[in-house]
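Asks:
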Amino acid sequence: MSGSHRRKALIAAGGVAGLTAAAALIAVPASAVTPDHVPLAGTQPAWATSSAAHGAVPSGRSQDLRVYLAPKGGTANLKSAVAAVSTPGSTSYRHYLSTAQYKARFSPTAAEVSQVRSWLAGSGLHVTGVASGNRYVRATGTAAAAEKAFSVGLKLYSHKGKTVQAPSARAQVPTAISGSVIGVLGLDTASHTVAPRSVTDAAPAAAPAATAKAAGGYPYAPGFRNARPCSLSYGQVTANKQADFKTPLPKFNGKFRAYAPCGYVPAQFRAAYGVDASKLTGQGATVAITDAYALPTMQKDANQYATDQGDAPFAPGQFSQTLPSKFTDQALCDPGGWGGEEALDVEAVHGMAPAAKVMYYGSASCNDADFLDTLAKVVSDNKASIVSNSWGDVEQNSTTGSVAAYEQVFLQGAMQGISFQFSSGDNGDEVLNTGLKQADYPTSDPYVTSAGGTSTAIDANGAMQFQTGWGTLKYSLSADGKSWEPLGFLYGAGGGMSHLFNQPTYQNGVVPAALGSARAVPDVAMDADPTTGMLIGLTQDFPEGIHFGEYRIGGTSLASPLFAGIQALKTQLNGGTRL
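Spelled out as structure tokens, the structure:
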């Protein structure tokens, strides 16, 4: 979702129900609409302006398109069912469906698929397949055929230093099938990617001369090591008269600062968050984790990490990986960086809920389309009732089509009793990152739980000293070594008011009225500050060779799997009933 799609005016025929009322209808020139066609909202990016255009897309250029279909009975009907199954007191409350029952009740019909196939084929496109559950119809062909199908011109535009294609106006679909089509992906070829929400202030051990690779070509991340000294618990080692310095470091606000923890380990989290006192282990719960790519050493690494911390490794059958036939776009997506994210997610869930099953689903790349397929696989398998997702992008990069496609999965999950949570982001309100105050997506979607972050102080006895919202201001040592000089905001937990969604009913009376009527994020928060982060372990590429190593990491990528562990405990407490 990294195209610069400005948040505005997204509600129109074929749009996504639930977008804010402030996103008013765009006026469409009469010449752009024909009586037998309906404009498809959000299909013309804001950056596709006449000043950025430089010619038409060659008519023979190949296209790869996905046309996403509305659920049977319409999106509003499905959302009404989700509200009923999720609301205490409803006759449908927690009467969840199996995958087969969901498909029978809500999947687009064969007749609707046939109509869409006929429309695409009649325009000269070749239908290459239909996704499981009839979620979308995939088609390939030429630019000329795509222009005919969607009654729109395709042009080349300069965008973020690259030349990409996009519709020169809003795409249109025939009126007869407009109720069946909720979005299209592929007409706009700018990168639509997501990124991990993890942050580390550990330092690379050294830059290897060349990145070594594991068997199968997996590129490991450069090895990280914590700086020393560091504290075993919050505030243990104070930076006043350490032998590492010829003179003591100066006080900050009248006090000597303590060195950051080396990284909390699972036993510290379990003690601080009351897990030990509860005697719960997550037995009977299954947690799914989605990221891009897959560490070939993940189970071995997780087991070594658990053993190093005095915990039990995964039992046979307790951990599994579900992977695509191949991985793609490695140069764009940085598989090594995703490896650190995967290790954090798996080890955090296992640390908080040691007896829960953990299922890792690896996306083929960091592209939206691949993550949509990965999430759809999770709900189709229907083996996990809790799904932790430590990735996302800013709302402005969302399109109506991509939001509709993601919600298609979240709504099915809700009907099956599957809880999705997403990290809220690590750039505060995103102003310094994008110049525009906003929340992230998918974490802002009303049908997921948004996991924000705290700075968390755990003392030597495992007790919670304090928690506060995570926001880091950076200071550097002055040239004379006698004071600290402010450098401003560095990073912090994401959140704020959505520009895409109205306030959901479950936030009525919860979010202060003074904040307005938009969806507010996050919903919950756990430790995320990298200064008070978690020690993780994984195989990395060190100068001396590839081997297992540990370092501290944080970000709301930590908060999401920690909360997934808490949900696993609650599931056990409920006797296995899905939340």
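Its first residue numbered 5, the sequence shown is counted upward by one per residue in our numbering. No residue lacks a Cβ here, since even glycine has one placed at the ideal position from N, Cα and C.
Between the alpha carbons of residue 339 and residue 375, how many angstroms are there, rounded?
Replies: Using only the alpha carbons, I get a separation of about 14 Å.
Asks: Does the contact criterion of 3 or more C-beta pairs under 8 Å hold for the segment 545–552 versus the segment 397–412?
Replies: Output reads no: the segment 397–412 does not touch the segment 545–552.
Asks: Which residue comes first and which comes last in the beta strand (DSSP E) that contains residue 59?
Replies: Segment 57–60, the beta strand (DSSP E) holding residue 59.
Asks: In chain order, which alpha helix (DSSP H) runs of at least 4 residues are fully inside the segment 40–94?
Replies: For the segment 40–94, whole alpha helix (DSSP H) runs of length 4 or above, ordered along the chain, are 79–90.
Asks: Among the candidates 264, 322, 71 and 534, whose CA atom is the shortest distance from the CA of residue 361?
Replies: Among 264, 322, 71 and 534, the Cα nearest to that of residue 361 is on 322.
Asks: Along the alpha helix (DSSP H) that carries residue 436, what are the first and last residues, could you check?
Replies: Here the alpha helix (DSSP H) through residue 436 covers 435–438.
Asks: Can you tell which of 562, 378 and 59 has the C-alpha that lies nearest to the C-alpha of residue 414?
Replies: When each option's Cα is compared against that of residue 414, the closest is 378.
Asks: Which value, in whole angstroms, describes the spacing of the CA atoms of residue 212 and residue 369?
Replies: Legend: pLDDT at residue 212 = 47, less than 50; position of this residue unreliable, no value from coordinates given.
Asks: Spatial neighbours of residue 264 within its chain, please: CB distance less than 8 Å, with the 5 preceding and 5 following residues excluded, ordered by chain position.
Replies: Contacts found: 205, 234, 235, 535, 536 and 556.
Asks: May I have the straight-line CA-CA distance separating residue 337 from residue 54, to the nearest angstrom?
Replies: So the alpha carbons of these two residues sit roughly 30 Å apart.
Asks: Span of the beta strand (DSSP E) holding residue 490?
Replies: Per DSSP, residue 490 belongs to the beta strand (DSSP E) from 488–496.
Asks: Kindly indicate the opening and closing residues of the beta strand (DSSP E) around residue 355.
Replies: Careful: residue 355 lies outside any beta strand (DSSP E), inside the alpha helix (DSSP H) at 339–356.
Asks: Helix, strand or coil: which one does DSSP assign to residue 331?
Replies: Coil.
Asks: What separation, rounded to the nearest whole angstrom, lies between the Cα atoms of residue 553 and residue 287?
Replies: Distance between the alpha carbons of residue 553 and residue 287 is about 29 Å.
Asks: Please list the segments of the beta strand (DSSP E) lying wholly inside the segment 261–328, counting only runs of 3 or more residues, in order along the chain.
Replies: Runs of the beta strand (DSSP E) inside the segment 261–328: 290–296 and 323–326.
Asks: Hey, how far is the Cα of residue 306 from the Cα of residue 580?
Replies: Roughly 25 Å separates the two Cα atoms.
Asks: May I have a chain-ordered list of the alpha helix (DSSP H) segments no shorter than 4 residues that lie completely inside the segment 407–482?
Replies: The segment 407–482 contains these whole alpha helix (DSSP H) runs: 435–438.
Asks: What does DSSP give as the partner residue(s) for residue 228 in the beta ladder?
Replies: The partner list for residue 228 (beta bridge, DSSP) reads 208.
Asks: Can you say whether residue 137 is buried or exposed, counting buried as having 16 or more other CB atoms within 10 angstroms of its CB?
Replies: With 16 or more other Cβ atoms within 10 Å, it is buried.
Asks: Write down every uninterrupted run of the beta strand (DSSP E) in the segment 166–210 whose length is 3 residues or greater and which is fully enclosed by it, in chain order.
Replies: Entirely contained in the segment 166–210, the beta strand (DSSP E) runs reaching 3 residues are, in chain order, 166–171, 176–178 and 185–189.
Asks: Report back the beta-carbon spacing between residue 346 and residue 299 to the nearest angstrom; my notes put them in contact at under 8 Å.
Replies: Right, the Cβ-Cβ distance comes to about 5 Å (below 8 Å), so this counts as a contact.
Asks: Using 10 angstroms around the beta-carbon of residue 296, count the other beta-carbons present and answer buried if the total reaches 16, otherwise exposed.
Replies: It is buried - the Cβ of residue 296 has at least 16 other Cβ atoms within 10 Å.
Asks: Give me whichever residues DSSP pairs with residue 140 in a beta bridge.
Replies: Answer is 72, bridged to residue 140.
Asks: Mapping DSSP to helix, strand and coil, what is residue 129?
Replies: Note: residue 129 maps to coil in three-state DSSP.
Asks: Under 8 Å: do the segment 145–159 and the segment 98–117 share three or more Cβ pairs, one atom per stretch?
Replies: Segments in contact, no.
Asks: What whole-angstrom Cβ distance do residue 475 and residue 432 have, given they're in contact under 8 Å?
Replies: That pair is a contact at about 6 Å.
Asks: Quick check on the DSSP output: the alpha helix (DSSP H) that includes residue 399 runs from which residue to which?
Replies: Note, residue 399: premise wrong, no alpha helix (DSSP H); not H, not E.
Asks: Hey, quick one: how far does the beta strand (DSSP E) through residue 367 stretch, first residue to last?
Replies: From DSSP, the beta strand (DSSP E) with residue 367 extends over 361–367.
Asks: Near residue 140, which residues of its chain fall below 7 Å by C-beta distance, leaving aside the five closest residues on each side in sequence?
Replies: Once the five neighbours on either side are set aside, the close Cβ partners of residue 140 are 70, 71, 72 and 73.
Asks: Cα separation between residue 540 and residue 267?
Replies: So the two alpha carbons sit approximately 8 Å from each other.
Asks: Around the C-beta of residue 64, are 16 or more other C-beta atoms found within 10 angstroms, so that it is buried, or is it exposed?
Replies: Classification for residue 64: exposed.
Asks: Starting from residue 544, trace the beta strand (DSSP E) both ways and give me its first and last residue.
Replies: Where residue 544 is concerned, the enclosing beta strand (DSSP E) stretches over 538–546.
Asks: Could you check where the beta strand (DSSP E) with residue 555 kicks off and where it finishes?
Replies: It spans 549–557 - the beta strand (DSSP E) in which residue 555 sits, taken as one unbroken run.
Asks: Considering only residues of the same chain and omitting the five flanking positions on each side of residue 396, which have a CB-CB separation below 7 Å?
Replies: Taken in chain order, the residues that qualify are 198, 201, 426, 427, 429, 444, 445, 446 and 447.
Asks: Just reading off the beta strand (DSSP E) that residue 106 is part of, what are its end residues?
Replies: Per DSSP, residue 106 belongs to no beta strand (DSSP E); it is in the alpha helix (DSSP H), 103–110.
Asks: Rounding to the nearest angstrom, what Cα-Cα distance links residue 357 and residue 177 in this structure?
Replies: C-alpha separation (whole angstroms): 48 Å.
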